[in-house]
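A.B. asks: Numbering (the numbering used here), first residue to last: 6 to 318.
Here a beta-carbon is modelled for each residue, glycine too, at the ideal position from N, C-alpha and C.
Got a structure here, written out as structure tokens. Questions coming.
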């Protein structure tokens with residue numbers, strides 16, 4: 006007897022509507038109807054405008070700031086559970102608070118674990134996300150985690166540039182593993198920018214480990230917040246004789262004066278995905294879509310297929 010697959014319904018949170026629409030289009034189904042009712046004091050309530058009973062429900066919402074995005078996702082999960090959805094998957098392209106993944110000083114919260122607990126308590130059966138700030142965050146969940154890798158989107162683009170002397174760089178020591186993994190696709194060398202911080206989002210000093218002379222440098226990072234680290238690294242790389250420098254960053258948080266910093270930096274371009282919508286356009290920012298990858302992952306989950314096939318470049 007052939008497998009019977011449950012109907013798939015994809016819904017968007019208000020923070021990720023554009024990406025969710027593309028995912029639904031790539032999957033071949035219309036985006037589900039959901040209404041977000043708002044009260045005058047700021048309270049809100051999402052409600053599904055169609056039945057989800059017995060369906061595999063995929064709720065697409067990145068949990069970037071403000072925190073309303075996370076709360077809206079939690080309420081959508083609760084609503085789907087109470088409406089008798091068969092299987093609920095939280096599709097969280099950008100997993101917020103992921104930088105709070107450990108106790109690196111006394112008396113601090115581990116926000117990434119708290120969010121995992123909240124999502125599980127709300128009623129999700131599975132979470133699908135991309136390029137977590139720390140891969141071990143997958144272990145914060147006691148349910149299946151589909152951790153998609155944006156390199157399958159970035160690598161073909163970098164190859165299309167035809168850079169003759171490609172060298173991969175990490176903007177800090179913590180991203181060295183990510184850079185080395187990326188470099189394997191090109192059999193390229195890796196250099197590391199060693200930075201010391203005064204405090205969060207403020208760099209005291211930076212130096213380069215490795216030779217960048219005459220090289221086309223591609224910086225690899227997962228989150229671009231204020232863009233200060235990337236701008237400083239790019240300037241230092243060019244000062245040390247590099248031929249060109251560009252950056253690849255999965256999640257364009259781009260807060261504060263980030264857009265201005267990028268425009269005034271030595272970067273030729275910043276290549277990002279659409280896990281977070283851009284607040285404004287920039288001639289130096291190129292955005293690549295994750296929609297096809299997430300649509301394939303949704304199909305694999307619904308049809309009991311292999312997710313590992315999606316990691317092949």
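May I ask you to list the residues that DSSP assigns as paired with residue 171?
C.D. replies: The partner list for residue 171 (beta bridge, DSSP) reads 221.
A.B. asks: Give me the Cα-Cα distance between residue 178 and residue 247, rounded to the nearest whole angstrom.
C.D. replies: Spanning the two alpha carbons is a distance of roughly 20 Å.
A.B. asks: Go ahead and label residue 176 buried or exposed: buried means 16 or more other beta carbons lie within 10 angstroms of its beta carbon, across all protein chains shown.
C.D. replies: Buried, since its Cβ has 16 or more Cβ neighbours within 10 Å.
A.B. asks: Helix, strand or coil for residue 274 per DSSP?
C.D. replies: Reduced to three states, the DSSP call for residue 274 is coil.
A.B. asks: Report the partner residues of residue 61 according to the DSSP bridge assignment.
C.D. replies: Paired residue(s): 13 and 92.
A.B. asks: Across the stretch 132-141 and the stretch 159-174, are there enough close Cβ pairs to call them in contact, namely three or more that are closer than 8 Å?
C.D. replies: Contact fails: fewer than three Cβ-Cβ distances are below 8 Å.
A.B. asks: Thinking C-alpha only, which one of 155, 66, 308 and 18 is nearest residue 52?
C.D. replies: Of 155, 66, 308 and 18, the residue nearest in Cα terms is 18.
A.B. asks: Could you check the C-alpha separation between residue 89 and residue 35 for me, to the nearest Å?
C.D. replies: Distance between the alpha carbons of residue 89 and residue 35: 21 Å.
A.B. asks: Go ahead and pull the three-state DSSP assignment for residue 191.
C.D. replies: Of the three classes helix, strand and coil, the one that applies to residue 191 here is coil, per DSSP.
A.B. asks: Whether or not the stretch 119-128 and the stretch 279-293 are in contact is what I'm after, with contact meaning three or more pairs of Cβ atoms, one per stretch, closer than 8 Å; do they touch?
C.D. replies: The stretch 279-293, when compared against the stretch 119-128, does not touch it at the 8 Å Cβ threshold.
A.B. asks: First and last residue of the alpha helix (DSSP H) that includes residue 120?
C.D. replies: Per DSSP, residue 120 belongs to the alpha helix (DSSP H) from 116-127.
A.B. asks: What first and last residue would you give for the alpha helix (DSSP H) that runs through residue 178?
C.D. replies: Element bounds for residue 178: n/a, residue is neither H nor E.
A.B. asks: Going by Cα to Cα distance, which pick from 72, 91, 79 and 70 is closest to residue 61?
C.D. replies: Ranking 72, 91, 79 and 70 by Cα distance to residue 61 puts 91 first.
A.B. asks: I believe residue 134 touches residue 101 by the beta-carbon criterion, under 8 Å. Please report the beta-carbon distance rounded to the nearest angstrom.
C.D. replies: The pair is not a contact, with the Cβ atoms about 10 Å apart (cut-off 8 Å).
A.B. asks: I'd like the ranges of any beta strand (DSSP E) spanning at least 3 consecutive residues and lying wholly in the stretch 22-69.
C.D. replies: Complete beta strand (DSSP E) runs here, min 3: 39-43, 49-53 and 61-65.
A.B. asks: What residue from 172, 132, 137 and 303 has the CA that sits closest to residue 251's CA?
C.D. replies: Taking only the C-alpha atoms, the option nearest residue 251 is 172.
A.B. asks: According to DSSP, is residue 147 helix, strand or coil?
C.D. replies: Coil.
A.B. asks: Beta-carbon separation of residue 28 and residue 193 under 8 Å?
C.D. replies: Not in contact: residue 28 and residue 193 (Cβ atoms no closer than 8 Å).
A.B. asks: Hey, quick one: how far does the alpha helix (DSSP H) through residue 305 stretch, first residue to last?
C.D. replies: 296-307 is the span of the alpha helix (DSSP H), which, as asked, contains residue 305.
A.B. asks: Based on the DSSP secondary-structure assignment, which residues constitute the bridge partners of residue 226?
C.D. replies: BP columns for residue 226 point to 254.
A.B. asks: Along the chain, where does the alpha helix (DSSP H) that runs through residue 241 open and close?
C.D. replies: First-last of the alpha helix (DSSP H) with residue 241: 233-244.
A.B. asks: Compute the distance between the beta-carbons of residue 103 and residue 78, then report whether it is under 8 Å.
C.D. replies: Not in contact: residue 103 and residue 78 (Cβ atoms no closer than 8 Å).
A.B. asks: Distance, Cα to Cα, residue 277 vs residue 155?
C.D. replies: Answer to the nearest angstrom: the Cα atoms are 10 Å apart.
A.B. asks: Provide the residue(s) that pair with residue 186 in DSSP beta bridges, ordered along the chain.
C.D. replies: In the DSSP output, where bridge partners are listed per residue, residue 186 has none listed.
A.B. asks: Expressed to the nearest angstrom, what Euclidean distance is found between the alpha-carbon atoms of residue 113 and residue 307?
C.D. replies: The alpha-carbon atoms of residue 113 and residue 307 are separated by roughly 38 Å.
A.B. asks: Compare the Cα-Cα distances from residue 9 to each of 59, 30 and 300 and report the closest residue.
C.D. replies: Nearest of 59, 30 and 300 to residue 9, Cα basis: 59.
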